[in-house]
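Residues in the sequence shown are numbered consecutively from 2, following the numbering used here.
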Amino acid sequence: MALIIRSVLHLLVISLISFVVLQQESDAEEVLMLQKPRLINCKFDKIYQLGDSFADTGNCIRERICGAHTVCGRFPYGMNFFQNATGRCSNGMLMIDFIALESGLPLLNPIKDQNANFRHGANFAVAGATALPSEILENMKMVNPSTNSSLSVQLDWMSSHFETTCYTVGEIGGNECTHGLLEGKTIEESRRMVPEVVEAIIHGVRVSF
Numbered sequence: 002m003a004l005i006i007r008s009v010l011h012l013l014v015i016s017l018i019s020f021v022v023l024q025q026e027s028d029a030e031e032v033l034m035l036q037k038p039r040l041i042n043c044k045f046d047k048i049y050q051l052g053d054s055f056a057d058t059g060n061c062i063r064e065r066i067c068g069a070h071t072v073c074g075r076f077p078y079g080m081n082f083f084q085n086a087t088g089r090c091s092n093g094m095l096m097i098d099f100i101a102l103e104s105g106l107p108l109l110n111p112i113k114d115q116n117a118n119f120r121h122g123a124n125f126a127v128a129g130a131t132a133l134p135s136e137i138l139e140n141m142k143m144v145n146p147s148t149n150s151s152l153s154v155q156l157d158w159m160s161s162h163f164e165t166t167c168y169t170v171g172e173i174g175g176n177e178c179t180h181g182l183l184e185g186k187t188i189e190e191s192r193r194m195v196p197e198v199v200e201a202i203i204h205g206v207r208v209s210f
């Protein structure tokens, strides 16, 4: 009798866990389906995202070196929304995901995904990317061990421009300081880098847009 009771309880627990998982997946889908776009009047038909880990939706994990360094390709990343790790450095969605939804567009696919649909734009951001090119970092005796996909490289990837497209240059430029401090640079040396980092971002935006 005790064995039967334990078996029944075991089945109930499994059923409850399955219900919770399915409910979470349903809630995630419902969020996407029921979203009332607040940027719909902007009439964006495409969005192109550049940046670093704050905006990467899966490029880093598809790069050989970056993918080997990152932990964003496995749990607990993605556990609270996608139910699996997509390469986002988050337990759920990123800011660019919300921007896409509020524009009435699907979530942006990473440009490194060769099987993806880019009809509504693409995401060029790479976790660990820097605003400064790798050759400038080398002149500063610095190395980015994660990726060489700096802002200028991402801009090279982006070959098409559309008037009705929302271009967002995401948070980028902080990893220079991070790498510098980890490699023994002082706060003052990091501070002196800031104007050049800002100028690289401004130049990239002006040249491209």
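For every residue, glycine included, the Cβ atom is placed at its ideal position computed from N, Cα and C.
{"Asked": "Could you give the residue range of the alpha helix (DSSP H) that holds Leu-138?", "Found": "135-140"}
{"Asked": "If you reduce the DSSP assignment to three classes, tell me which class Cys-73 lands in.", "Found": "coil"}
{"Asked": "When we look at the beta-carbon of Gln-50 and count the other beta-carbons within 10 Å, is it buried (16 or more) or exposed?", "Found": "buried"}
{"Asked": "Going by the DSSP bridge assignment, what does Val-170 pair with across the sheet?", "Found": "Leu-51"}
{"Asked": "Tell whether a beta-carbon distance below 8 Å holds between Leu-106 and Asn-124.", "Found": "no"}
{"Asked": "With C-beta atoms as the reference, is Ala-86 less than 8 Å away from Cys-73?", "Found": "yes"}
{"Asked": "Measuring CB to CB, does Cys-178 end up less than 8 Å from Ser-104?", "Found": "no"}
{"Asked": "What residue does the alpha helix (DSSP H) around Ala-216 start on, and which one ends it?", "Found": "The question about residue 216 has no answer, for the chain in this structure spans 2 to 210."}
{"Asked": "Note down, one range per segment and in chain order, each alpha helix (DSSP H) of at least 4 residues found wholly within the region 88-114.", "Found": "96-103"}
{"Asked": "Helix or strand or just coil, what does DSSP make of Asn-145?", "Found": "coil"}
{"Asked": "Excluding five sequence neighbours on each side, which residues of the same chain lie with their C-beta closer than 6 Å to the C-beta of Ala-132?", "Found": "Leu-152, Ile-173, Gly-174, Val-198, Ala-201 and Ile-202"}
{"Asked": "If you run the structure through DSSP and keep just helix, strand and coil, what is Asn-124?", "Found": "strand"}
{"Asked": "Cutting at 8 Å between CB atoms, please list the residues of its own chain near Cys-43, excluding the five before and the five after it.", "Found": "Ser-104 and Cys-167"}
{"Asked": "Starting from Thr-179, trace the alpha helix (DSSP H) both ways and give me its first and last residue.", "Found": "176-183"}
{"Asked": "Indicate whether Gly-205 and Asn-176 have their beta-carbon atoms separated by less than 8 Å.", "Found": "no"}
{"Asked": "Taking the CB atoms as reference points, tell me whether Pro-111 and Arg-63 lie closer together than 8 Å.", "Found": "yes"}
{"Asked": "Would DSSP call Arg-39 helix, strand or coil?", "Found": "coil"}
{"Asked": "Using DSSP with H/G/I as helix, E/B as strand and the rest coil, what is Asp-57?", "Found": "coil"}
{"Asked": "My output table needs one value for Gly-68: the three-state DSSP class, helix, strand or coil.", "Found": "helix"}
{"Asked": "Quick one: using the 10 Å Cβ neighbour count with 16 as the cut-off for buried, is Arg-193 buried or exposed?", "Found": "exposed"}
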